[in-house]
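J.: Protein chains in written order, with our numbering: chain A, 87 to 281; chain B, 570 to 925. Ideal Cβ positions, reconstructed from N, Cα and C, are used throughout, including at glycine. As the structure is a prediction and not an experimental result, all values here were calculated from the model.
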Amino acid sequence: MGCSSSFPDRNAGRLASLNSESSTAPESKNLRVKLVLLGDSGVGKSCIVIRFVRGQFDPTSQVTVGASFLSQTLALQDSTTVKFEIWDTAGQERYASLAPLYYRGAAVAVVVYDITSPDTFKKAQYWVKELQKHATPGIIMALVGNKADLHENRAVSSEDALEYADNNGMFFIETSAKTADNINNLFEEIAKRLP
Amino acid sequence: MRRPAAADLVRSIKSFIISFPFQTSNAEDDGKKVQEFLTMMETTIKEHPLWAHATYEEIDSAIEGLEKYIMTKLFTHTFASSSEDAKLDLEISEKICLLQHFIKPDHLDVPKVFQNEASWLFAAKELQKINFFKAPRDKLLCIMNCCRIINNLLLDISMTTNHTPAGADDFLPILICVTIKANPPQLHSNLKYVQLYRKHSKLVSEVEYYLTNLISAKTFITNINASSLSMDESDFHRNMQLARLASEITVNEPSGTVQLSEGGPPIVRNKDIYVDGNRYPFMEAEARDLRLEDVQQLLGLYRQVVTKYRMLSEALRQLSVDENQLLHVLNNHQCQDVKEKIKQQLEQAGNSGGTK
Numbered sequence: 087m088g089c090s091s092s093f094p095d096r097n098a099g100r101l102a103s104l105n106s107e108s109s110t111a112p113e114s115k116n117l118r119v120k121l122v123l124l125g126d127s128g129v130g131k132s133c134i135v136i137r138f139v140r141g142q143f144d145p146t147s148q149v150t151v152g153a154s155f156l157s158q159t160l161a162l163q164d165s166t167t168v169k170f171e172i173w174d175t176a177g178q179e180r181y182a183s184l185a186p187l188y189y190r191g192a193a194v195a196v197v198v199y200d201i202t203s204p205d206t207f208k209k210a211q212y213w214v215k216e217l218q219k220h221a222t223p224g225i226i227m228a229l230v231g232n233k234a235d236l237h238e239n240r241a242v243s244s245e246d247a248l249e250y251a252d253n254n255g256m257f258f259i260e261t262s263a264k265t266a267d268n269i270n271n272l273f274e275e276i277a278k279r280l281p
Numbered sequence: 570m571r572r573p574a575a576a577d578l579v580r581s582i583k584s585f586i587i588s589f590p591f592q593t594s595n596a597e598d599d600g601k602k603v604q605e606f607l608t609m610m611e612t613t614i615k616e617h618p619l620w621a622h623a624t625y626e627e628i629d630s631a632i633e634g635l636e637k638y639i640m641t642k643l644f645t646h647t648f649a650s651s652s653e654d655a656k657l658d659l660e661i662s663e664k665i666c667l668l669q670h671f672i673k674p675d676h677l678d679v680p681k682v683f684q685n686e687a688s689w690l691f692a693a694k695e696l697q698k699i700n701f702f703k704a705p706r707d708k709l710l711c712i713m714n715c716c717r718i719i720n721n722l723l724l725d726i727s728m729t730t731n732h733t734p735a736g737a738d739d740f741l742p743i744l745i746c747v748t749i750k751a752n753p754p755q756l757h758s759n760l761k762y763v764q765l766y767r768k769h770s771k772l773v774s775e776v777e778y779y780l781t782n783l784i785s786a787k788t789f790i791t792n793i794n795a796s797s798l799s800m801d802e803s804d805f806h807r808n809m810q811l812a813r814l815a816s817e818i819t820v821n822e823p824s825g826t827v828q829l830s831e832g833g834p835p836i837v838r839n840k841d842i843y844v845d846g847n848r849y850p851f852m853e854a855e856a857r858d859l860r861l862e863d864v865q866q867l868l869g870l871y872r873q874v875v876t877k878y879r880m881l882s883e884a885l886r887q888l889s890v891d892e893n894q895l896l897h898v899l900n901n902h903q904c905q906d907v908k909e910k911i912k913q914q915l916e917q918a919g920n921s922g923g924t925k
């Protein structure tokens, strides 16, 4: 679907210096952030994460157990490092009632839809409402329109999504896990919004 | 800890363990007490002269050892200690028993490529080991090992088939299938115990994620109904009913071979009949071979057979399947296959009954 080429690709661009988790400089700040991914199955949730983690693949980092939980450290300008611990959730309707177990205590929620499918956009709005009702108050929410490379099949306009995001105090971005467009931006923008 | 300098530590650990059972109120408070004690001991150990030059790893393993020690000592007070826990454990285990009869991976959206019996069995075995251990860390390791096996399968398949890298959309459904397959002992109590007594600073990130997944699998299974399986309400109830009948039959079967009466030479028989590992020894015996002691055994077998027949007839009646027709179909099969075949027939009959 969203992701091309085989996995894992150990030769992808190496920016190993970003993984400075054990940095001990006294003025540096190390944040650990729980981020939960919500969205219909097939919108490419896991592809986005794998892109993010693989794009900066550190060959010396410990191999993680699997693709549904991944962590990646991002170094910001001011010598702060942010370690994202990314919790994927099952997007099928039958598992929707289990989501609160996952977003409990999360600092960030990324709600993903597929720009070629209005149904997934509707589902995204459902998740936003759920989060507003039940998640930790002050949770940072991002609305992500994935599969932006398939613009000829676009069925959800950027304007509609942006308007919806603005009305709900969310940050909005369109990404393509396939071409890696905006993937890093997404996480950098989230990092900027952290308290 | 054997050194005299550690006497103060030993004393506080002992007094904690001894006083613990006398101030029990509920599991949540007990959990808090253990967590506070572990945190307090961690600080004490870090400041203790004996550990003055210890590395982070050495202190860490001291705390791990302490957790294991106290939880092993307090196990009977802290694990599945209330009758409510025991009840929930039984309920979920019975529900899983029924679900095992008819839930298929397709009901839970598991793609065909990931339906791999061998790895699922391997993963299920890890979950079944959970009661071999008393320490929260060891129990948690069983859960992690199970998840690791599932993830290895996902990774392998994604790499070899160029399938989209698998995330939670694939992982959770497989974990649910594996949990149903394993029917892990005291699932509710084990999850509760790990959550309450595993040192909280160790119950984070990846470990916390996979524990959450098993909790979520348990929650899903507890609440399973027709709509969560995309099944017709009536089909779901029929399946549950059939599963109940089938498990009643299994429960009522004698666990081993019927013992022959002691003393004296065994009865002369040409052939024993075996059904599912149970021996029915009198099939070809002649009346003159029988001794008085055999009557007791014969009567027992007779009761068994009648009970089973009654249940099977009841099952068939509910399905409106004609008994003779079914027997005719079965006629050609070997004895040891009979049960399996009946099950299949019943399932088919159940399905066709639903479409009428």
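Alpha carbon to alpha carbon, how far is residue 617/B from residue 600/B?
T.: Position 48 of the second sequence, counted from the first residue, corresponds to residue 617/B. Position 31 of the second sequence, counted from the first residue, corresponds to residue 600/B. Each residue's alpha carbon lies about 25 Å from the other.
J.: Assuming contact is defined by CB atoms lying nearer than 9 Å, are residue 187/A and residue 176/A in contact in what I supplied?
T.: Counting from one through the first sequence, the residue named residue 187/A turns up at place 101. Counting from one through the first sequence, the residue named residue 176/A turns up at place 90. Not a contact, by the Cβ cut-off of 9 Å.
J.: Determine whether the Cβ of residue 290/A lies closer than 9 Å to any Cβ atom of chain B.
T.: Only positions 87 to 281 of chain A appear in the structure, and residue 290/A is not among them; the question remains open.
J.: Tell me which same chain residues have a C-beta within less than 8 Å of the C-beta of residue 613/B, skipping the five on either side of it?
T.: In the second sequence, residue 613/B corresponds to position 44, counting from 1. Excluding sequence neighbours, residue 613/B sits near 578, 581.
J.: Per DSSP, which one or two residues make a beta bridge with residue 167/A?
T.: In the first sequence, residue 167/A corresponds to position 81, counting from 1. DSSP, once it has assigned bridges, lists 116/A, 161/A as partnering residue 167/A.
J.: How far does the beta strand (DSSP E) with residue 252/A in it extend, from its first residue to its last?
T.: Here residue 252/A refers to the residue found at position 166 when the first sequence is read from its first residue. Segment 244-253 is the alpha helix (DSSP H) holding residue 252/A; no beta strand (DSSP E) there.
J.: If we count the other Cβ atoms within 10 Å of its Cβ and call it buried at 16 or more, is residue 864/B buried or exposed?
T.: What you label residue 864/B is simply residue 295 of the second sequence in a count that begins at 1. Residue 864/B should be labelled exposed.
J.: Listed from N- to C-terminal order along the chain, which residues in the region 161-179 of chain A have their beta-carbon within a distance smaller than 7 Å of any beta-carbon of chain B?
T.: Listed by position, the residues of the region 161-179 of chain A near chain B (Cβ gap below 7 Å) are 171, 173, 174, 175, 176, 177, 178.
J.: Would you say residue 692/B reaches chain A, if we count a Cβ-Cβ gap shorter than 9 Å as a contact?
T.: Translated into positions along the second sequence, residue 692/B becomes position 123. Judged by the 9 Å Cβ criterion, residue 692/B is not in contact with chain A.
J.: Have a look at the DSSP bridge pairing and note the partners of residue 720/B.
T.: Numbered from its first residue, the second sequence carries residue 720/B at position 151. Answer by DSSP bridge pairing: none, since residue 720/B is not bridged.
J.: Output yes if chain B places a C-beta closer than 9 Å to the C-beta of residue 280/A; else output no.
T.: Locating residue 280/A in the first sequence gives position 194, where the first residue counts as 1. With 9 Å as the cut-off, residue 280/A does not count as an interface residue toward chain B.
J.: Listing by chain order, which chain B residues have their CB less than 7 Å from the CB of residue 217/A?
T.: Working through the first sequence from its first residue, we reach residue 217/A at position 131. Residues of chain B passing the Cβ test: none, with the nearest at roughly 17 Å.
J.: Taking a contact to mean a Cβ-Cβ separation below 9 Å, would you say residue 201/A touches residue 139/A in this structure?
T.: For the purposes of this step, residue 201/A is identified with residue 115 of the first sequence, where counting begins at 1. For the purposes of this step, residue 139/A is identified with residue 53 of the first sequence, where counting begins at 1. Not a contact, by the Cβ cut-off of 9 Å.
J.: Over what stretch of residues does the alpha helix (DSSP H) that includes residue 762/B continue unbroken?
T.: Translated into the one-based positions of the second sequence, residue 762/B becomes position 193. Element bounds for residue 762/B: 756-766.
J.: With DSSP as the reference, please indicate the residues paired to residue 226/A in a beta bridge.
T.: Position 140 of the first sequence, counted from the first residue, corresponds to residue 226/A. Beta-bridge pairing links residue 226/A to 194/A.
J.: Report the rounded CA-to-CA distance for residue 780/B versus residue 746/B, giving the unit in angstroms.
T.: On the second sequence, residue 780/B is found 211 positions in, with the first residue counted as 1. On the second sequence, residue 746/B is found 177 positions in, with the first residue counted as 1. Cα to Cα, the separation comes out at about 16 Å.
J.: Excluding sequence positions up to five away, which residues of its chain have a Cβ less than 8 Å from the Cβ of residue 211/A?
T.: Counting from one through the first sequence, the residue named residue 211/A turns up at place 125. Here the set comprises 250.
J.: Can you confirm whether residue 184/A, when its beta carbon is compared against all beta carbons of chain B, has any partner nearer than 9 Å?
T.: For the purposes of this step, residue 184/A is taken as the residue at position 98 of the first sequence. Yes, residue 184/A counts as interfacial toward chain B.
J.: Give me the chain A residues within the contact set of residue 778/B, using Cβ-Cβ distance strictly less than 7 Å, ordered along the chain.
T.: In the second sequence, counting from the first residue as 1, residue 778/B sits at position 209. Going along chain A in sequence order, the residues near residue 778/B (Cβ under 7 Å) are 155, 173.
J.: Could you name each continuous alpha helix (DSSP H) segment of 4 residues or more that falls completely within the region 615-700 of chain B, going from the start of the chain to the end?
T.: Segments of the alpha helix (DSSP H) lying fully in the region 615-700 of chain B: 625-642, 644-647, 652-668, 686-697.
J.: So, with DSSP's three-state summary, where would you put residue 148/A?
T.: The sequence position of residue 148/A within the first sequence is 62, counting from 1. Because the pLDDT of residue 148/A is 45, which lies under 50, any placement of that residue in the model is unreliable, and the question is left without a value.
J.: Check residue 740/B in the structure and name its three-state DSSP category.
T.: Taking the second sequence and counting its residues from 1, the one referred to as residue 740/B is at position 171. Correct three-state label for residue 740/B: helix.
J.: Taking all protein chains shown into account, do 16 or more other C-beta atoms lie within 10 angstroms of the C-beta of residue 705/B, making it buried, or fewer, making it exposed?
T.: Mapped onto the second sequence, residue 705/B falls at position 136. Residue 705/B should be labelled buried.
J.: Compute the beta-carbon to beta-carbon distance between residue 168/A and residue 277/A, rounded to the nearest angstrom, for a pair I have assumed lies under 8 Å.
T.: Reading the first sequence from its first residue, position 82 is the one you call residue 168/A. Reading the first sequence from its first residue, position 191 is the one you call residue 277/A. Between residue 277/A and residue 168/A the Cβ distance is about 5 Å, and since that is below 8 Å, they are a contact.
J.: Step through the CB atoms of chain B and report whether any lies within less than 9 Å of the CB of residue 127/A.
T.: Position 41 of the first sequence, counted from the first residue, corresponds to residue 127/A. Output row for residue 127/A: interface = yes.
J.: Thinking residue 756/B and residue 787/B are a contact (beta carbons under 8 Å), I'd like their distance in whole angstroms, please.
T.: Taking the first residue of the second sequence as position 1, residue 756/B is located at position 187. Taking the first residue of the second sequence as position 1, residue 787/B is located at position 218. So it is a contact: roughly 6 Å between Cβ atoms.
J.: Going straight from the alpha carbon of residue 678/B to that of residue 694/B, what length do you get?
T.: For this step, residue 678/B is matched to residue 109 along the second sequence. For this step, residue 694/B is matched to residue 125 along the second sequence. Cα to Cα, the separation comes out at about 23 Å.
J.: So residue 259/A is in the beta strand (DSSP E); what residue range does that whole segment cover?
T.: Within the first sequence, the letter at position 173 stands for residue 259/A. 257-260 is the extent of the beta strand (DSSP E) around residue 259/A.
J.: Bridge partners for residue 156/A per DSSP, in chain order?
T.: For the purposes of this step, residue 156/A is identified with residue 70 of the first sequence, where counting begins at 1. Paired residues: 172/A.
J.: Within this structure, are the beta carbons of residue 227/A and residue 196/A separated by less than 9 Å?
T.: What you label residue 227/A is simply residue 141 of the first sequence in a count that begins at 1. What you label residue 196/A is simply residue 110 of the first sequence in a count that begins at 1. Yes.
J.: Do we get a CB-CB distance below 9 Å when we pair residue 808/B with the residues of chain A?
T.: On the second sequence, residue 808/B is found 239 positions in, with the first residue counted as 1. So no, residue 808/B is outside the interface.
J.: With a threshold of 9 Å between beta-carbons, can residue 188/A be considered close to chain B, or not?
T.: Walking along the first sequence from the start, residue 188/A turns up at place 102. Output row for residue 188/A: interface = yes.
J.: Is any beta-carbon of chain B found at less than 9 Å from that of residue 123/A?
T.: Here residue 123/A refers to the residue found at position 37 when the first sequence is read from its first residue. Yes, residue 123/A lies at the interface with chain B (some Cβ there is under 9 Å from its Cβ).
J.: Could you give the residue range of the alpha helix (DSSP H) that holds residue 780/B?
T.: The residue given as residue 780/B occupies position 211 in the second sequence. 774-791 is the span of the alpha helix (DSSP H), which, as asked, contains residue 780/B.
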